[in-house]
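Notes for the one structure printed next.
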Amino acid sequence: MNIFAKEEIADAYDSYYETEFGKKVDELEKAALLEVIKDIPRCKLLELGAGTGHWTEFFVNQGFTVTATDVSEAMFAHARQKLVGKVEFRKADMLNLPNESESVDAIAVIAALEFCEDQMQAFANIYRVLKPKGWLIVGCLNANSTLGKVKNDDPVYRYGDFMTKSDLETYLESFGEPTILECVHLSDKMEVLDGTPEAANVPGAFMAACVQKID
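Residue numbers (UniProt numbering): 1 to 215.
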């Protein structure tokens, strides 16, 4: 089931980032991603599961030339409004990428693998189209986090298949040596603990990662 095909979900997606909690989470997630991509040369980037373009805009602002892909027209409608003229949009499924083998400089997939029907196949497709020495940038939600433990109470997250850090490491190690950072450490009351001593005792809800594909 593609929960993001529903127009009401697409319409509400970006409004989350307008809340005080959403703004704080966004700040932490972007800081973590900035850290993991700091050594990646700015290049052509294929974004998978681009949705409303929230992360597309981030990558454009960081100097990447982005081709954004998704299967949800409802989500893409929002992306096109905010990024007209800045990004190339293509309807494509990460389980069946049309790109030629070893043709892509860099790939980003942020908060989308959780909602993919076959994560193993998605990573296999990514590996196929990524050039040797190309970069994969991943942002995903942690099954072992406080958020992961209560995800079934959320009308959207309940449809997601969250990964553990170990799961993510296993997938990424098939490409090379990954860097993975955790952030958005949440208390049982869903309070953000980042910047406090308590954060060290709680897995981060968001994992920012990158890996360079070996030859």
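Even glycine gets a Cβ: it sits at the ideal position worked out from N, Cα and C.
Among the options, the one whose alpha carbon lies nearest that of residue i
{"i": "E88", "options": "L45, D105, M120, G63", "result": "L45"}
{"i": "T67", "options": "G51, A79, R90", "result": "R90"}
{"i": "L28", "options": "Q212, K149, G204, N96", "result": "G204"}
{"i": "L141", "options": "D167, A111, H185, Q62", "result": "A111"}
{"i": "K149", "options": "N99, D188, S72", "result": "D188"}
{"i": "F175", "options": "D39, A124, A199, P98", "result": "A124"}
{"i": "residue 219", "options": "K38, K82, C183, L113", "result": "Outside the modelled stretch of the chain, which goes from 1 to 215, sits residue 219, for which no answer is possible."}
First through last residue of the beta strand (DSSP E) which encompasses residue i
{"i": "D70", "result": "65-70"}
{"i": "D105", "result": "104-110"}
{"i": "V192", "result": "Taken as a continuous stretch (DSSP letters only), V192 belongs to no beta strand (DSSP E), as it is neither H nor E."}
{"i": "W43", "result": "Strictly speaking, residue 43 in this sequence is Cys, with Trp absent from that position. No beta strand (DSSP E) holds C43; DSSP gives it neither H nor E."}
{"i": "C210", "result": "204-212"}
{"i": "K91", "result": "88-91"}
Residue burial classification, residue i (beta-carbon count within 10 angstroms, cutoff 16)
{"i": "V84", "result": "exposed"}
{"i": "F76", "result": "buried"}
{"i": "I214", "result": "exposed"}
{"i": "T19", "result": "exposed"}
{"i": "Q119", "result": "buried"}
{"i": "D70", "result": "buried"}
{"i": "T56", "result": "buried"}
{"i": "S166", "result": "exposed"}
{"i": "E73", "result": "exposed"}
Own chain, CB closer than 7 Å to residue i, minus 5 neighbours either side, in chain order
{"i": "D26", "result": "Y17"}
{"i": "H78", "result": "A10, D14, T52, G53"}
{"i": "A209", "result": "V36, V138, L168, L172, P178, T179, I180"}
{"i": "I40", "result": "A106, W135, C210"}
{"i": "K24", "result": "V192"}
{"i": "S145", "result": "L186, P203, G204, A205"}
{"i": "A50", "result": "T56, A68, T69, D70, A79"}
Residue span of the alpha helix (DSSP H) that contains residue i, given as start and end
{"i": "K35", "result": "First, the residue type needs correcting, since residue 35 is Glu and not Lys in the sequence shown. Taken as a continuous stretch (DSSP letters only), the alpha helix (DSSP H) holding E35 covers 20-37."}
{"i": "A50", "result": "Run containing A50: none; DSSP gives neither H nor E here."}
{"i": "K82", "result": "73-83"}
6 Å Cβ shell around residue i - same chain, five flanking residues per side excluded
{"i": "K86", "result": "V60"}
{"i": "E102", "result": "K131"}
{"i": "V184", "result": "V25, L28, G204, A205, F206"}
{"i": "T164", "result": "A143, N144"}
Sequence-distant residues of its chain with Cβ nearer than 8 Å to residue i (five each side left out)
{"i": "L33", "result": "F58, I110, I137, G139, A208"}
{"i": "V129", "result": "L46, L97, N99, E100, S101, E102, S103, V104, I107"}
Any chain C beta carbon closer than 8 Å to residue i
{"i": "E57", "result": "This model lacks chain C altogether, as it is built from one protein chain only."}
Can you check the region 128-179 for any alpha helix (DSSP H) of at least 4 residues that lies completely inside it and give the ranges in chain order? When DSSP assignments are scanned along the region 128-179, the uninterrupted stretches of alpha helix (DSSP H) that are 4 or more residues long and fall wholly within it turn out to be 146-149, 165-173.
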